[in-house]
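Below is one structure, written out as structure tokens; comments come after it.
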Amino acid sequence: MELALYSLPFLWQGTLITLAVAALVAVFSLVLGVLLGTLACFGLSPFRWTIRIYCDLIRGIPAVVLIFMVYYGLPVLLSFPINNFLAAVVALTVFTTGQVTEIARGAIQSIHFGQAEAGKAIGLGFWSRMIYVIFPQAVRRFLPPWVNNLTDVVKGSALVSLVGIVDLMLAIQQVIGRVYEPMPLYIVGSILYFLINYGLSSASQRLEGHFAYIRE
Amino acid sequence: MTAATASNDPVVRIRGVGKSFGSNRVLNGVDLDITRGEVVTIIGPSGSGKTTLLRCVNALETYDEGSITLDGVEVCYRDANSRRHRKERELSAIRAETGMVFQMFFLFPHLTAAENVMLGLRKVRGKDKAEARAIAERWLTRVGLADKFDSYPAQLSGGQQQRVGIARAVAMEPKVLLLDEITSALDPELVGEVLAVVRQLADDGMTMIVVTHEMAFAREVSDLVVFMDGGRIIVEGRPDEVLQNPSHERLKTFLSRLDSTRTRERAS
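First to last, the sequence lines map onto chains D and H.
This note's numbering numbers the first residue of the first sequence as 1 and each following residue consecutively.
This note's numbering numbers the first residue of the second sequence as 1001 and each following residue consecutively.
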């Protein structure tokens, strides 16, 4: 246990990398997912079909396959190497965007069509209707599944250790490799992962409270 | 949208409007003029096309044939001949000139009563917050909701919600107000308060197209009553002519059915 404590600064470095990967993936997939989710609801049918196919495909592929595809596969095609951090973030973003798109689409479609009509009737254009009428209502239905997805992103980020990024997972492995005490280190690692996700869930509960308005 | 029309030109001019949903022909050559300050009531059995016609006037539906103009401007198409659909931005500008009140209210549930009225004033009319708020308060007061500015829709009764819906529409100062069965979703005891607001608007000279099943109300406020069936206008005339002494067979049947439903409702 003493050894585990001794390794904490090193594990902390790993934790920061895990947080960085998760944060980048979360932000990119949020922006892309909301955009694609909106297009999936209101876009022209070629867009809708492309997005549909993308989401269905991604859902059927393990994240780790995507990471290897981008890290080992793409450089062969492009004939120049890709930095492992960049490859991991890109692959996980592609993976997560598929899920966020579906969450956003569901949230937007759950808003009664009359809301859009009422917006049209007072002369609001498409983006005004989205920003002032649809999104503020959809966000309440979007948040709970999205935060759930976010914790998956944090946990899923452990996969980046497979392409040599020293995140929390790989940091744990490296310490174990030096001190031959797996259990205490896995426990410390689990606690760190848990704390990140627990923080996310409680933050989201506060956020949901903020977006709760009286209705029905 | 120029067309500084003479005051006796119709605000809304409907000519030969036809529309089909697949093989179902919902509008079948409708002609109608609504002049400034006039209240036109459309009655008819469900499926007769009256709501669709109303929704065509502010381009919530498109029409396949014919022409609808608002103050001389073709509503759905860039010009009546080419049938090229208007761009979203042009449609928004036209819709801003028409007010619509919905059967199911469709208030924005995340906004207070005042904010519901303010949204269009701010984002479409470009008024600043204080001015929009002042206009919203004035209209909400006029519809009898002076104590409900900061209430959310869910805190209001159906009748109160619908009055917010009316305030939201008229605050934009539309050229024509479209009312789509606005009391049909209300409890009977709440109908009166909403109709009183509409009556007041009619007295103030608001141009309105009203789709309703309230025959007593139609008789009272309308300058013109239009009976539609099968996507056509069958009878049109002054309310006493059309409603008191219906000459047309289908209109007679429609009115008598309506009466018997009312009687049954009261009996139960």
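Just so it is clear, CB atoms sit at the ideal spot from N, CA and C, and this is done for glycine as well.
{"Check": "Contact check, S190(D) vs V147(D), beta carbons under 9 angstroms", "Outcome": "no"}
{"Check": "Cutoff 9 angstroms: A104(D) Cβ touching any chain H Cβ", "Outcome": "no"}
{"Check": "Inter-residue Cα distance where the pair is L11(D) and I172(D)", "Outcome": "7 angstroms"}
{"Check": "Residues of the segment 1089-1105 of chain H whose Cβ lies closer than 9 angstroms to any Cβ of chain D, in chain order", "Outcome": "R1089, L1091, S1092, A1093, I1094, R1095, A1096, E1097, T1098, G1099, M1100, V1101, F1102, M1104 and F1105"}
{"Check": "Residues within the segment 113-125 of chain D neighbouring chain H, beta-carbon criterion of under 7 angstroms", "Outcome": "G114, Q115, E117, A118, K120, A121, I122, G123, L124 and G125"}
{"Check": "Among T1212(H), G1018(H), L1224(H) and A1171(H), nearest to I1034(H) - alpha-carbon criterion", "Outcome": "L1224(H)"}
{"Check": "Cβ of L1159(H) within 9 angstroms of any chain D Cβ", "Outcome": "In the sequence on display, residue 1159(H) carries Gly and not Leu. Chain D contact via Cβ: absent."}
{"Check": "Identity of the residue in L195(D), A118(D), L185(D) and A212(D) nearest E2(D) by Cα", "Outcome": "L185(D)"}
{"Check": "Below-9 angstroms beta-carbon distance, H1110(H) vs any chain D residue", "Outcome": "yes"}
{"Check": "9 angstroms Cβ cutoff, R1168(H) in contact with chain D", "Outcome": "yes"}
{"Check": "Neighbouring residues, chain D, relative to V1124(H) (Cβ below 9 angstroms)", "Outcome": "I122, G123, L124, G125 and S128"}
{"Check": "Any alpha helix (DSSP H) of 4 or more consecutive residues that is wholly inside the segment 1102-1161 of chain H", "Outcome": "1113-1123 and 1129-1142"}
{"Check": "Best match in V1170(H), M1100(H) and F1105(H) for proximity to E1121(H) [C-alpha to C-alpha]", "Outcome": "One detail in the question is off: residue 1121(H) reads as Leu in this sequence, not Glu. Comparing Cα-Cα distances from L1121(H) to each of V1170(H), M1100(H) and F1105(H), the minimum goes to V1170(H)."}
{"Check": "Short-range partners of chain D found in the segment 1047-1079 of chain H, where Cβ spacing is below 7 angstroms", "Outcome": "N1058 and L1060"}
{"Check": "Reduced DSSP secondary structure (H/G/I, E/B, other) of F80(D)", "Outcome": "coil"}
{"Check": "Closer than 8 angstroms at the beta carbon, the chain D residues around M1172(H)", "Outcome": "I122 and G123"}
{"Check": "Alpha carbon of F47(D) to alpha carbon of E1189(H), nearest angstrom", "Outcome": "49 angstroms"}
{"Check": "Closest by C-alpha distance to Q1200(H), when choosing among V1143(H), V1124(H) and I1209(H)", "Outcome": "V1143(H)"}
{"Check": "Which of helix, strand or coil DSSP assigns to K1019(H)", "Outcome": "strand"}
{"Check": "Pick from I103(D), M130(D) and A107(D) that is closest to A116(D), judged by C-alpha positions", "Outcome": "M130(D)"}
{"Check": "Residue environment, D1079(H), which counts as buried when at least 16 other CB atoms sit within 10 Å", "Outcome": "exposed"}
{"Check": "Members of the segment 126-151 of chain D that neighbour chain H once the beta carbon cut-off is set at 7 angstroms", "Outcome": "F126, S128, Y132, V133, P136 and Q137"}
{"Check": "G1018(H): contacting residues in chain D (beta-carbon distance under 9 angstroms)", "Outcome": "Within chain D, no residue comes near G1018(H); the closest Cβ sits about 23 angstroms away, beyond 9 angstroms."}
{"Check": "Separation of K155(D) from Y264(D), as counted between CA atoms", "Outcome": "With chain D covering 1 to 216 only, the question about residue 264(D) has no answer from this structure."}
{"Check": "As assigned by DSSP and simplified to three states, the class of P1010(H)", "Outcome": "strand"}
{"Check": "Own chain, CB closer than 7 angstroms to S29(D), minus 5 neighbours either side, in chain order", "Outcome": "T93, T96, T97 and V100"}
{"Check": "Sub-9 angstroms separation of E1088(H) and F126(D) beta-carbons", "Outcome": "yes"}
{"Check": "The segment 1006-1023 of chain H contacting the segment 1047-1067 of chain H, beta-carbon criterion three pairs below 8 angstroms", "Outcome": "yes"}
{"Check": "Cα-Cα separation between A1130(H) and A1059(H), rounded to whole angstroms", "Outcome": "31 angstroms"}
{"Check": "CB contact check: L1119(H) to chain D, cutoff 9 angstroms", "Outcome": "yes"}
{"Check": "N1172(H), enclosing alpha helix (DSSP H) - first and last residue", "Outcome": "Correcting the residue identity first, residue 1172(H) is Met in this sequence and not Asn. Per DSSP, M1172(H) belongs to no alpha helix (DSSP H) and is neither H nor E."}
{"Check": "Residues near R178(D) in its chain [Cβ-Cβ closer than 7 angstroms; skip 5 each side]", "Outcome": "none"}
{"Check": "Option nearest V1176(H) by Cα separation, candidates I1068(H), T1098(H) and C1076(H)", "Outcome": "T1098(H)"}
{"Check": "CB of A118(D) within 9 angstroms of CB of F1106(H), strictly", "Outcome": "yes"}
{"Check": "For S161(D) and R141(D), believed in contact at Cβ under 8 angstroms, the rounded distance", "Outcome": "At roughly 34 angstroms, the Cβ-Cβ gap does not stay under 8 angstroms, so R141(D) and S161(D) are not in contact."}
{"Check": "Proximity below 9 angstroms, CB of V153(D) to CB of A20(D)", "Outcome": "no"}
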